[in-house]
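Trainee: Quick one: the structure is below, and I'll ask about it shortly.
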Amino acid sequence: MKKLYIETLGCAMNVRDSEHMIAELNSKEPYELTDDLKDADLIIINTCSVREKPVSKLFSEIGVFNKFKKKDAKIGVTGCTASHLGRDIIKRAPVVDFVLGARNISKITKVIDKRHAVEVDINYDDSSYAFGDYRTNRFKSMVNISMGCDKSCTYCIVPATRGDEVSIPSNLIVTEITKAVKTGAKEVMLLGQNVNNYGKHFSSNSENCNFTELLKKISKIEGLERIRFTSPHPLHMDDEFLKEFFSNPKICKQIHVPLQSGSTSLLKSMKRGYSKEWFLNRCEKIRKLCPEATISTDIIVGFPGESEEDFNDTMDVLEKVRFEQLFSFKYSARPHTTAANFENQISKEVAGSRLTKLQRRHTEILDEIMDAELGKIHEVYFDELKAGGRVSGRSDDGKLFFVDGSEELLGQIKRVEVTKTSRGALEGTLFA
């Protein structure tokens, strides 16, 4: 049996893409996953290009892999950086055997036997392709519901690496989740660049289904107990969608609402399509309908032209919403984006100072939120065995839990009382 070493960078969609590639490879001949690249017959780097650092790291990684790989092992570069650099990767690193873009992963079995193959068509449509079954964790499943993006955010490279948005037919989604449930999964994570834009574009004109309707269809799957999704777009958070989020008992009360900036003028410059007031209105609606829900967000600081007033608007939204989780970054100019050519680029020093201030304040908020959890009881779905006789899982609202236990807890939903808090996770004991 051949051995596969795969390094996955970036978002949950990349993780799912890696699972799809493993499934496709195994459909041709069996591969055993290995953590030791020296043993691997095939080495894959599944890349991210959202920020500059992972891209610059790629070629040093290739050099390391080439140095330590065994003689006839192949190296492949896949994912978003593969999409936007294409054949340039092989020009800079001829040791790479193939390059496979993020929109072309169903072609993996075709390229591994073709020296210096390059497949990076960003509008290749395999939305109706049924991938083989493979999941790294049998107790939960990630399922793509769309590919690509129809937005034109001025800072984002994704449309140039994943192509135009197209939704996957709902019957394929339901079938995939049903199979996962039959093999042990009680929870699904629905994936898309803008999941609540689902249904706007299908390859076939025969389907008519929006995201809210898709959630209702998925909820009917017997044995499925929890539904999560990422990432919705604030622009498409209409009342119908929020009502379904609140009222559907299978939908976990955890929602990601990407802010990016609290400044309406910067949001316009980013081409986000909503204002600060709209964003706050949607978050207020969530808090009113569903007080137990947790809200996470993404924030970019140092976007071109960001004034101190603009940054203060972002801090104001942080204070008003009090996000339970924050993913925050300094603006990184990316190729194929219009913002890279904007005037008034913010210095790294100013952006770094603002990021520190933002993260420091959020840390204080998070400490208050997590400390208040002490003694509370949550229903936790356990899905991973940890070292030292511990098991981990997540509550309905997305909090990470650790308890003492064995594999008998895996796949079970148990009531847990919080006995110890920290910023990143909670510890507890099973509550009778």
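Residue numbers 120 to 551, in this note's numbering, belong to the letters of the sequence shown in order. Backbone N, C-alpha and C define an ideal beta-carbon position, used for all residues, glycine too. This structure is a prediction, so every number in the text was calculated from the model and none was measured.
Ignoring anything shorter than 3 residues or poking outside the region 408–481, list the beta strand (DSSP E) runs there in chain order.
Mentor: The region 408–481 contains these whole beta strand (DSSP E) runs: 413–420 and 444–449.
Trainee: Quick one: grab the DSSP three-state call for residue 136.
Mentor: Helix.
Trainee: One question on the structure: do residue 423 and residue 470 come within less than 8 Å of each other, judged by their Cβ atoms?
Mentor: Against a cut-off of 8 Å, the Cβ pair of residue 470 and residue 423 comes out as no contact.
Trainee: Where does residue 281 sit, in a helix, a strand or coil, going by DSSP?
Mentor: The answer is helix: DSSP assigns residue 281 an H, G or I state.
Trainee: Given residue 444, which residues of its chain have a CB within under 6 Å of its CB, disregarding the five upstream and five downstream residues?
Mentor: Result list for residue 444: 415, in chain order.
Trainee: Looking only at C-alpha atoms, which of 178, 542, 265 and 386 sits nearest to residue 136?
Mentor: Of the listed residues, the one whose Cα sits closest to residue 136 is 265.
Trainee: Using beta-carbon positions only, say whether residue 524 and residue 510 come within less than 8 Å of one another.
Mentor: Against a cut-off of 8 Å, the Cβ pair of residue 510 and residue 524 comes out as a contact.
Trainee: Do you know offhand how far residue 507's Cα is from residue 215's?
Mentor: Near 40 Å, if we compare the C-alpha coordinates of residue 215 and residue 507.
Trainee: Which residue from 504, 351, 400 and 332 puts its Cα closest to that of residue 376?
Mentor: Nearest option by C-alpha distance: 351.
Trainee: Report the three-state DSSP secondary structure of residue 182 (helix, strand or coil).
Mentor: Of the three classes helix, strand and coil, the one that applies to residue 182 here is helix, per DSSP.
Trainee: Once DSSP output is grouped into helix, strand and coil, what is the label at residue 401?
Mentor: The answer is helix: DSSP assigns residue 401 an H, G or I state.
Trainee: Secondary structure at residue 263, three-state DSSP: helix, strand or coil?
Mentor: Looking at residue 263 - three-state DSSP - the assignment turns out to be strand.
Trainee: DSSP beta-bridge partners for residue 270?
Mentor: Paired residues: none, contrary to the question.
Trainee: Going by the beta-carbon positions, is the gap between residue 558 and residue 418 smaller than 8 Å?
Mentor: Beyond the ends of the chain as shown, which are 120 and 551, falls residue 558; an answer cannot be given.
Trainee: Can you tell which of 247, 378 and 220 has its C-alpha closest to the C-alpha of residue 282?
Mentor: The candidate whose alpha carbon is nearest that of residue 282 is 220.
Trainee: What would DSSP say about residue 239, mapped onto helix, strand or coil?
Mentor: Of the three classes helix, strand and coil, the one that applies to residue 239 here is coil, per DSSP.
Trainee: Below 8 Å CB to CB, which residues in the same chain sit around residue 316 once its five sequence neighbours on both sides are set aside?
Mentor: Excluding residues within five positions, the ones whose Cβ falls inside 8 Å are 265, 269, 284, 330, 352 and 355.
Trainee: Mind checking residue 259: buried by the 16 CB within 10 Å criterion, or exposed?
Mentor: Classification of residue 259: buried, given that the 10 Å Cβ count is 16 or more.
Trainee: Where does the unbroken beta strand (DSSP E) through residue 308 begin, and where does it stop?
Mentor: 306–310 is the extent of the beta strand (DSSP E) around residue 308.
Trainee: Do residue 225 and residue 85 have their beta-carbon atoms positioned less than 8 Å apart in this structure?
Mentor: This structure cannot speak to residue 85, because the chain is shown only from 120 to 551.
Trainee: What does residue 509 pair with, by DSSP beta-bridge criteria?
Mentor: Residue 509 is bridged to 505 and 523.
Trainee: Would you report the Cα separation of residue 244 and residue 322, rounded to the nearest angstrom?
Mentor: Answer to the nearest angstrom: the Cα atoms are 8 Å apart.
Trainee: For the structure I just gave you, are there three or more beta carbon pairs, one from the region 306–313 and one from the region 334–347, closer than 8 Å?
Mentor: Short answer: they touch.
Trainee: Which of the three DSSP states is assigned to residue 330 in this structure?
Mentor: Three-state result, residue 330: helix.
Trainee: Closest to residue 303 by C-alpha separation, out of 540, 514, 505 and 501, would be which residue?
Mentor: Minimum Cα distance to residue 303 is reached at 501.
Trainee: Determine the DSSP secondary structure at residue 599, reduced to helix, strand or coil.
Mentor: Missing from the structure shown is residue 599; the chain here goes from 120 to 551 and no further.
Trainee: Could you tell me the alpha carbon to alpha carbon distance between residue 218 and residue 182, rounded to whole angstroms?
Mentor: Cα to Cα, the separation comes out at about 16 Å.
Trainee: Verify whether the separation of the beta carbon atoms of residue 489 and residue 540 is less than 8 Å.
Mentor: Their beta carbons are under 8 Å apart, which means residue 489 touches residue 540 by this criterion.
Trainee: Using the C-alpha atoms, what's the distance from residue 476 back to residue 395?
Mentor: Those two C-alpha atoms are separated by around 20 Å.
Trainee: Check whether the Cβ atoms of residue 199 and residue 280 lie closer than 8 Å to each other.
Mentor: Contact: yes.
Trainee: Whole-angstrom Cβ separation of residue 121 and residue 161, contact assumed at under 8 Å?
Mentor: Yes, residue 121 and residue 161 are in contact; Cβ-Cβ is about 7 Å, under 8 Å.
Trainee: Between the beta-carbon of residue 193 and the beta-carbon of residue 231, is there less than 8 Å?
Mentor: A contact, by the Cβ cut-off of 8 Å.
Trainee: Which residue's Cα is closest to the Cα of residue 386: 420, 439 and 156?
Mentor: It is 420 whose Cα lies nearest to the Cα of residue 386.
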